[in-house]
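This report concerns only the one structure given below.
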Amino acid sequence: MNAMVVLDFVGVGLFAATGALSASRKQLDIIGFLFLAAVTGVGGGTVRDLILGVSVFWVIEPIYILVCGITATMIYFTAHLLESRYRWLLWLDAVALSAYCVFGAYKGLLATGSPVVAIVMGTLTGTLGGILRDVLANEPSVLLRREIYVTAALAGAVAFVVADVVGLTEPVSAVAGFVAALAIRGIGLALGWALPTYRSRPGCNPDNMG
Amino acid sequence: MNAMVVLDFVGVGLFAATGALSASRKQLDIIGFLFLAAVTGVGGGTVRDLILGVSVFWVIEPIYILVCGITATMIYFTAHLLESRYRWLLWLDAVALSAYCVFGAYKGLLATGSPVVAIVMGTLTGTLGGILRDVLANEPSVLLRREIYVTAALAGAVAFVVADVVGLTEPVSAVAGFVAALAIRGIGLALGWALPTYRSRPGCNPDNMG
Amino acid sequence: MNAMVVLDFVGVGLFAATGALSASRKQLDIIGFLFLAAVTGVGGGTVRDLILGVSVFWVIEPIYILVCGITATMIYFTAHLLESRYRWLLWLDAVALSAYCVFGAYKGLLATGSPVVAIVMGTLTGTLGGILRDVLANEPSVLLRREIYVTAALAGAVAFVVADVVGLTEPVSAVAGFVAALAIRGIGLALGWALPTYRSRPGCNPDNMG
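Protein chains in written order, with the UniProt record's numbering: chain A, 1 to 210; chain B, 1 to 210; chain C, 1 to 210.
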């Protein structure tokens with residue numbers, strides 16, 4: 001079991017956990033837990049594989065679906081024990097994002113050899129599961145909140161690709177990408193850091209053309 | 001014309017009808033009817049085929065697009081005759097879901113041979129069209145309502161796959177899955193049944209970390 | 001460089017610009033600009049290529065991603081100079097839609113030979129980027145506004161396909177489709193034209209079955 005397999009399962013399992021926590025915040029039934037856990041757990045990787053033109057990972061190895069199902073069931077029975085489900089959701093999401101942006105960049109590089117495609121794939125894979133979760137759970141998308149989120153996935157993917165291109169070994173590159181993403185997202189979460197935002201007037205109501 | 005072809009066309013046509021009914025509730029123009037009918041009618045099956053790595057069904061046989069177009073046009077001229085468009089939408093959606101969860105599981109089994117993948121595919125195919133319709137029409141997603149919905153698609157897919165695995169003939173398995181899904185969704189609709197929901201406090205506002 | 005390559009880059013670049021303008025309206029950071037620009041710029045074409053079963057265009061030629069990135073960066077530094085970002089967004093979107101509905105129909109015809117599939121592909125490619133942008137930016141989808149939008153993409157795709165089928169040369173067919181779409185969308189924008197909408201009562205609240 002190498003570093004990449006670990007990142008893959010960590011990403012799927014923790015994203016599934018955040019989907020289940022989101023379901024518990026919305027007071028869904030057990031099937032709602034399973035559904036949101038599965039979409040969040042395998043959603044980003046599914047789009048990654050479709051775009052890369054490779055077989056979708058969980059169609060080849062359905063064990064990933066079982067990982068999501070077991071995670072969702074465990075969260076269903078334990079979420080009430082957590083003091084703050086939302087804080088758990090954010091931190092598990094941070095670790096999952098960090099694992100999965102590296103794995104996505106790795107798979108992109110493997111499939112195409114292009115660093116640009118690998119970086120886009122890492123960013124997409126690290127963030128898409130969480131975006132799908134928020135859209136389906138009707139929460140405001142993390143994209144629109146003043147937080148470092150996509151930035152962390154981008155940084156992790158860039159760190160991994162650069163480390164790989166300069167010739168570091170795969171586990172070292174993986175750790176570099178993972179640590180870069182988690183540090184940025186974690187510091188952002190802990191300290192409320194954000195990048196400077198566009199400092200003009202916000203958009204008017206869409207019906208107001210002025 | 002075998003059982004599976006019937007289920008396929010019933011699913012596409014009725015999902016298209018629900019998309020058109022949703023368009024009529026939003027007072028869209030005829031093109032809005034066509035667009036929502038097409039997305040709802042072929043959306044779930046499109047994602048199914050992409051994930052399974054087979055050619056998208058309506059690209060091979062564009063007749064499915066014509067079915068959606070004809071259905072949308074008919075609904076455009078007749079929806080005002082319905083006493084309650086929303087009740088029609090819910091019941092047509094129930095029949096479409098029941099047909100399409102079986103057909104999706106069948107196609108998943110055919111393509112991969114894996115019962116787990118077949119069950120996921122059936123659940124996805126039965127529910128995704130309706131979810132896309134609700135997201136595009138800006139209605140609260142059925143996922144978040146306290147109703148048996150995904151459960152019915154899951155039950156239908158499981159019933160079909162179990163019947164098939166134990167060796168029943170294809171039409172019998174198809175009927176078993178269809179009846180299981182429709183009974184569960186129909187009873188849920190008629191009696192307002194729901195699974196017990198997660199009984200803790202709902203999630204706080206996302207900006208409230210407490 | 002032929003007509004189709006021009007349409008392709010015009011579509012990607014202008015859609016990316018509208019994504020960046022949407023990000024500026026939401027006061028996102030530079031990474032938010034890049035993300036929304038990329039999703040809007042290549043989103044419609046990505047889904048088009050997946051459905052057609054051909055390799056996703058920007059995975060083959062990552063230059064498209066760089067186009068989105070450069071556009072987003074330029075908009076980040078200049079959007080405050082625009083008198084009305086929303087009006088710019090709408091008009092750039094109109095030109096992008098007109099270019100991309102023709103290119104989508106062209107690629108659909110090339111891949112399948114079916115006029116019906118080509119028309120669906122053109123309509124989808126011209127509108128999906130904008131719909132994804134609005135869903136992610138949490139703006140009301142253009143689908144639900146009383147405006148000619150999908151209609152323009154459909155008209156452009158039909159005009160191109162008809163011109164191509166009757167034997168006009170490719171550049172002439174492309175111009176015909178582009179002008180048809182832009183005229184319809186532009187006149188709609190300029191004059192506030194809309195198709196007659198479905199004139200019954202709007203849908204009740206989903207929780208109200210009556």
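From the three backbone atoms N, C-alpha and C, an ideal C-beta is built for every residue, glycine too.
Let me make sure I understand the geometry here. Which of the options has the alpha-carbon closest to that of residue i?
i: Leu-92(C); options: Leu-14(C), Asn-2(C) and Leu-191(C); result: Leu-14(C)
i: Leu-90(C); options: Thr-18(C), Val-175(C) and Val-42(C); result: Thr-18(C)
i: Ala-163(A); options: Gly-126(A), Ile-119(A) and Leu-144(A); result: Ile-119(A)
i: Ala-112(A); options: Leu-52(A), Ala-79(A) and Phe-57(A); result: According to the sequence shown, residue 112(A) is Thr rather than Ala. Considering only alpha carbons, the answer is Leu-52(A).
i: Gly-41(A); options: Val-54(A), Lys-26(A) and Leu-21(A); result: Leu-21(A)
i: Asp-29(A); options: Ala-181(B), Ala-153(B), Glu-170(B) and Leu-144(B); result: Leu-144(B)
i: Leu-128(A); options: His-80(A), Asp-49(A), Ile-60(A) and Ser-173(A); result: Asp-49(A)
i: Val-179(B); options: Ser-114(B), Glu-147(B), Glu-139(B) and Tyr-100(B); result: Tyr-100(B)
i: Pro-115(A); options: His-80(C), Ile-75(C), Ile-63(C) and Ala-155(C); result: Ile-63(C)
i: Val-6(A); options: Phe-35(A), Pro-171(A) and Ala-183(A); result: Pro-171(A)
i: Ala-152(A); options: Pro-140(A), Ile-131(A), Ala-183(A) and Ser-141(A); result: Ala-183(A)
i: Ala-79(A); options: Leu-132(A), Leu-136(A) and Phe-33(A); result: Phe-33(A)
i: Leu-97(A); options: Asn-2(A), Ala-190(A) and Gly-186(A); result: Gly-186(A)
i: Leu-189(C); options: Val-142(C), Ile-31(C) and Arg-133(C); result: Val-142(C)
i: Ser-84(C); options: Val-158(C), Leu-136(C) and Ser-24(C); result: Ser-24(C)
i: Gly-104(C); options: Gly-45(C), Asn-2(C), Phe-35(C) and Val-166(C); result: Gly-45(C)
i: Gly-108(A); options: Gln-27(C), Trp-58(C) and Phe-35(C); result: Trp-58(C)
i: Leu-191(B); options: Glu-147(B), Ser-173(B), Val-165(B) and Thr-169(B); result: Glu-147(B)
i: Phe-9(C); options: Asn-138(C), Val-95(C), Arg-133(C) and Ala-159(C); result: Val-95(C)
i: Gly-69(A); options: Ala-38(A), Trp-88(A) and Ala-157(A); result: Ala-38(A)
i: Gly-11(B); options: Ser-173(B), Phe-77(B) and Thr-71(B); result: Thr-71(B)
i: Tyr-76(B); options: Val-56(B), Ala-3(B) and Ala-16(B); result: Ala-16(B)
i: Asp-134(B); options: Gly-43(B), Ile-60(B), Leu-82(B) and Ala-157(B); result: Gly-43(B)
i: Leu-124(C); options: Ala-155(C), Ser-173(C) and Ala-3(C); result: Ala-155(C)
i: Val-150(C); options: Glu-139(B), Leu-168(B) and Leu-36(B); result: Leu-36(B)
i: residue 211(A); options: Leu-81(A), Lys-26(A) and Asn-2(A); result: What the structure shows of chain A is the stretch from 1 to 210, and residue 211(A) is not part of that stretch, so it cannot be assessed.
Between which two residues does the alpha helix (DSSP H) carrying residue i extend?
i: Asp-93(C); result: 85-112
i: Leu-191(B); result: 170-191
i: Leu-128(B); result: 115-136
i: Leu-154(C); result: 150-165
Please compile the residues from chain E whose C-beta is within a distance smaller than 7 Å of the C-beta of residue i.
i: Val-117(B); result: Chain labels in this structure do not include chain E; the protein chains are A, B and C.
Give the interface partners of residue i over in chain C, defined as CB-CB distance under 8 Å, in chain order.
i: Phe-9(B); result: Within chain C, no residue comes near Phe-9(B); the closest Cβ sits about 17 Å away, beyond 8 Å.
i: Thr-46(B); result: Ile-51
Quick one: which chain C residues come within Cβ less than 7 Å of residue i?
i: Pro-140(A); result: Asn-138
Below 7 Å on C-beta distance, what does residue i contact in chain B?
i: Ile-31(A); result: Val-150, Thr-151, Leu-154 and Leu-195
i: Ser-114(C); result: Pro-62
What residues of chain A sit near residue i, judged by a beta carbon separation below 7 Å?
i: Ile-65(C); result: Val-116 and Val-120
i: Phe-15(C); result: Near Phe-15(C) there are no residues of chain A at all, since even the closest Cβ is about 16 Å away, more than 7 Å.
Determine the chain B residues that contact residue i at a beta-carbon separation under 9 Å, and present them in chain order.
i: Phe-35(A); result: Thr-123, Thr-127, Leu-143, Val-150 and Leu-154
i: Val-135(C); result: Val-135 and Leu-136
In chain A, which residues lie less than 9 Å from residue i when you measure between Cβ atoms?
i: Val-56(C); result: Leu-50, Ile-51, Leu-52 and Gly-53
Only counting runs of 4 or more residues, tell me where the alpha helix (DSSP H) segments fall wholly within the UniProt domain "Glycine transporter" (6-79) of chain C, in order along the chain. The qualifying runs are 30-52, 57-60 and 63-78.
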